[in-house]
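Input: a single structure, listed below in structure tokens.
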Amino acid sequence: MLRVVVMVSGGGTNLQAILDAVDNGKITNAEVVAVISNNEGAYAIERAKNHGVPAFVVTPKAYETRDAFNEALLETIKACKPDLIVLAGFLVKIPAAMIEAYRNKIINIHPSLIPSFCGVGYYGLKVHEAALARGVKVTGVTVHFANEVYDCGPIIAQRALPIEEEWDVDTLESHIHDIEHVLYPEAVQMLADGRVHVLADGKVAIDPVPAA
Ligand code: GRF
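This note's numbering puts the first residue of the sequence shown at 2, with every later residue one more than the last.
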């Protein structure tokens, strides 16, 4: 059973999608053992509690230095003994020591087709504003491993979304969320099944689904 820790800062709709997928059997061989947030006001914490999943808050405000916060965050994670760390709208720069300790065990979801509209400054609605401002006809969602550079780790899964002319930023975000809530649980399941392999060149190979 894969031990999954989900890290959140906000509403937690992706957390909810993963919790629901575990409940309804779309995710097997995995359990969410803890939720960690940097934000004590995150609604995602309520979602965890409603589901009987322990939630921990580690906030930078409680520490004198960034290093002390980073250390406390890593200690909290280690205590949960995760096999997989799922970043689900976690708006904190992942400390290098955490990447090092959990190389290719931390995944993130980004609301565009990487390498478009990603990297420093591209978060939340800014991603969709940039896509609409550029007039792209297709955007989408990317699930990738986290490494030292924002949105640059090995890509696990992507799903495209054609943009319709009358959409505004809110419509686009809503359609993107719908895709995320399917794609993220699918990616967790692929990992739980051991089908995801990071190759020496930094690309990801996915084993086919075994015949039933
Ligand atoms: C998602 O849109 C995801 O792509 C981004 O953060 C957002 C989190 O949303 N990384 P939620 O908190 O899961 O609703």
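Think of the CB as a built atom: it goes at the ideal place given N, C-alpha and C, for glycine as much as any other residue. Note that the structure is a prediction, hence the values are computed from the model and not measured.
Judged by the Cβ position, alanine 89 qualifies as a neighbour of ligand 1 at the 8 Å threshold, a heavy atom of the ligand being closer than this.
The beta-carbon separation of alanine 56 and lysine 50, rounded to 6 Å, stays under the 8 Å limit for a contact. For the pair proline 112 and valine 128, the CB atoms are nearer than the 9 Å cut-off. In summary, methionine 8 is buried, with 16 or more beta-carbon neighbours lying within 10 Å of its beta-carbon over all protein chains present. Taking the C-beta atoms as reference points, asparagine 71 is found no nearer than 9 Å to valine 58. By DSSP's assignment, serine 38 forms a beta bridge with Val9, Val58. Three or more Cβ pairs drawn from the region 95 to 112 and the region 134 to 152 lie within less than 8 Å of each other, which places the two stretches in contact. For glutamate 32, the pairing in a beta bridge is given by DSSP as Arg4. Under the three-state reduction of DSSP output, phenylalanine 146 falls in the strand class. Under the Cβ criterion (8 Å, minimum of three pairs), the region 151 to 159 does not count as touching the region 168 to 178. Judged by pairs of C-beta atoms under 8 Å, the region 183 to 197 touches the region 12 to 31, as three or more such pairs exist.
Counting along the chain, the unbroken beta strand (DSSP E) around proline 163 starts and ends at 156 to 163.
Taking the C-beta atoms as reference points, methionine 191 is found nearer than 9 Å to isoleucine 207. Here the distance from the Cβ of isoleucine 110 to the nearest heavy atom of ligand 1 is below 8 Å. Counting along the chain, the unbroken alpha helix (DSSP H) around alanine 22 starts and ends at 14 to 24. Between isoleucine 177 and leucine 162, the gap from beta carbon to beta carbon is short of 9 Å.
The beta carbon of valine 93 sits closer than 6 Å to the beta carbons of Asn39 from its chain, once the five residues preceding and following it are set aside; these are given in chain order. Under DSSP, the beta-bridge partners assigned to valine 197 are Ile207. With a threshold of 8 Å, the Cβ atom of glycine 203 does not count as near ligand 1, since no heavy atom of the ligand is closer than that. Going by DSSP, isoleucine 110 is part of no alpha helix (DSSP H) but of the beta strand (DSSP E) stretching over 107 to 111.
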